[in-house]
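First the structure, in the form of structure tokens, and then the observations on it.
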Amino acid sequence: MRDVNKDNLTDVFNSYMGPDVNPRLREVMSSLVTHLHDFAKDVSLTHTEWEQGISFLERAGEISNKERHEFVLLSDVLGLSSLVDMINSRSEGTSSSVLGPFHISGSPPLAIGGDMKGDFPGPVLLVEGMVKNVDGEPIEGATLDIWQTAPNGLYSSQDPDQETYSFHGIQTTAADGRYGFTSVRPVEYTVPTDGPVGDILNACGRHPWRPSHLHFIVKAEGYRNLVTEVFPEDDPYLDQDTVFGVREDLVMRYQIMSAGSFPNGFELSGNVNDAYLKVDFDLTLVKA
Ligand code: BEZ
Ligand code: FE
């Protein structure tokens, strides 16, 4: 086409794709470019704004590395990660939520009733529940990959003062589907703000906070993997998570338990004589 103009440009783009292009790629590219062109026309994008956009992407690329995923963070704060999650999740099971950049693989096994708190100060948090199917039946042999922040609001991968796998563990359910461990109460924290995504949040008058949460990846044979997080109902950022990860069914409640009521069957049993927090949260998997 030698007479390209702003009215036919999108069609011309589509006509330039070859005949053997993968049909799904054709669908995705065609829709993406159609929306991109419409967006530029909608806002009458200026050269300066286009340059700012390109420079933003360049800076996101420069700051990214094996540990720092600025484009994922961009997707998170734009709500795209959560939207993709919602589009692809089934309504019957526990809702999924964002994975985030702080999951690390190779976490050590955590026995049922095991402890992640170690010597960290503060009250014990006892977390327990059942991994079950949509009929409420327990799932044996499900693995829960668990991770959370330390009391200073940092994940181990962000904090040189923590052991590699502090507040990380992998638990496997027995025949009763139960899981359980002790830890500390996770705390709210900010997503990284020292890069271009932080600049965008700031320019849009947005804060960078996430409500406190526990992360889980739950896997069991014959079931869809569940990537999720659970949030306490009293967190000040519950209704303004900057990455849009909160779902109604992922909100849990800490019960304040009296001193001396700590149950048996936990590694810390016999050592906890103070009041502690307890949360009971079941995780429901759907068939693959
Ligand atoms: C997280 O929960 O670890 C997280 C999720 C999205 C962006 C940043 C952090
Ligand atoms: Fe997190």
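Heads up, the sequence shown is in this note's numbering, so the first residue is 2 and it goes up one at a time. The beta carbon of each residue, even a glycine, is placed where N, CA and C say it ideally should be.
Find out if the Cβ-Cβ distance for the pair LYS279, SER184 is shorter than 7 Å.
As a first step, residue 279 must be located in the sequence shown, where it is residue number 278. As a first step, residue 184 must be located in the sequence shown, where it is residue number 183. No.
Confirm the yes/no value for this check: CB of GLY62, any heavy atom of the ligand BEZ, distance under 6 Å.
Within the sequence shown, numbered from 1, the residue matching residue 62 stands at position 61. Checking the Cβ of GLY62 against the ligand BEZ gives no.
Using a 10 Å radius around the Cβ and a threshold of 16 neighbouring Cβ atoms, would you call VAL198 buried or exposed?
To locate residue 198, count along the sequence shown from 1; it is residue 197. VAL198 is buried by the Cβ-count criterion.
Burial state of ASP242, where buried means 16 or more other Cβ atoms lie within 10 Å
Looking up residue 242 in the sequence shown gives position 241. By the 10 Å Cβ count, ASP242 comes out buried.
Please state the DSSP three-state secondary structure of LYS7.
Locating residue 7 in the sequence shown gives position 6, counting from the first residue. Here LYS7 sits in coil by DSSP.
Using a Cβ-Cβ cut-off of 8 Å (strictly less than) and excluding sequence neighbours within five positions of VAL13, which residues of its own chain qualify?
Numbered from 1 along the sequence shown, position 12 holds the residue referred to as residue 13. Once the five neighbours on either side are set aside, the close Cβ partners of VAL13 are MET2, VAL5.
Using 7 Å as the threshold, is the C-beta distance between VAL219 and PHE232 below it?
Position 218 of the sequence shown, counting from 1, holds the residue named residue 219. Position 231 of the sequence shown, counting from 1, holds the residue named residue 232. In this structure, PHE232 does not lie closer than 7 Å to VAL219 by Cβ.
Using 6 Å as the cut-off, classify the Cβ of PHE14 as near or not near the heavy atoms of the ligand BEZ, replying yes or no.
In the sequence shown, counting from the first residue as 1, residue 14 sits at position 13. No; taking the cut-off as 6 Å, the Cβ of PHE14 has no heavy atom of the ligand BEZ nearer than that.
Where the beta strand (DSSP E) through HIS48 begins and ends
Working through the sequence shown from its first residue, we reach residue 48 at position 47. Looking at the DSSP string, HIS48 is not in any beta strand (DSSP E); the run it does join, the alpha helix (DSSP H), is 48-64.
Check the C-beta distance from VAL247 over to PRO212 and give it rounded, since I have them as a contact under 8 Å.
Within the sequence shown, numbered from 1, the residue matching residue 247 stands at position 246. Within the sequence shown, numbered from 1, the residue matching residue 212 stands at position 211. Rounded, the Cβ-Cβ distance is 7 Å, consistent with contact.
Sort ASP195, PRO161, VAL132, ASN203 by Cα distance to ARG225 and report the nearest one.
Taking the sequence shown and counting its residues from 1, one reaches residue 225 at position 224. Ranking the options by Cα distance to ARG225, first place goes to VAL132.
Return the chain-ordered list of same chain residues with a C-beta closer than 8 Å to the C-beta of ALA61, the five sequence neighbours on each side being excluded.
Walking along the sequence shown from the start, residue 61 turns up at place 60. Taken in chain order, the residues that qualify are GLU71, PHE72, LEU75, GLY196, PRO197, VAL198.
Give the secondary structure of LYS67 by DSSP, where H, G and I count as helix, E and B as strand, and everything else as coil.
Locating residue 67 in the sequence shown gives position 66, counting from the first residue. In the three-state reduction of the DSSP assignment, LYS67 falls in the coil class, being assigned neither a helical nor a strand state.
State yes or no: is the C-beta of ASP77 nearer than 6 Å to some heavy atom of the ligand BEZ?
By 1-based counting over the sequence shown, the position of residue 77 is 76. At least one heavy atom of the ligand BEZ is nearer than 6 Å to the Cβ of ASP77, so yes.
Could you check whether the Cβ of GLY170 sits closer than 6 Å to any heavy atom belonging to the ligand FE?
Numbered from its first residue, the sequence shown carries residue 170 at position 169. Result no, Cβ not under 6 Å from the ligand FE.
Host alpha helix (DSSP H) of THR35 (start-end)
Translated into positions along the sequence shown, residue 35 becomes position 34. THR35 -> alpha helix (DSSP H) spans 24-43.
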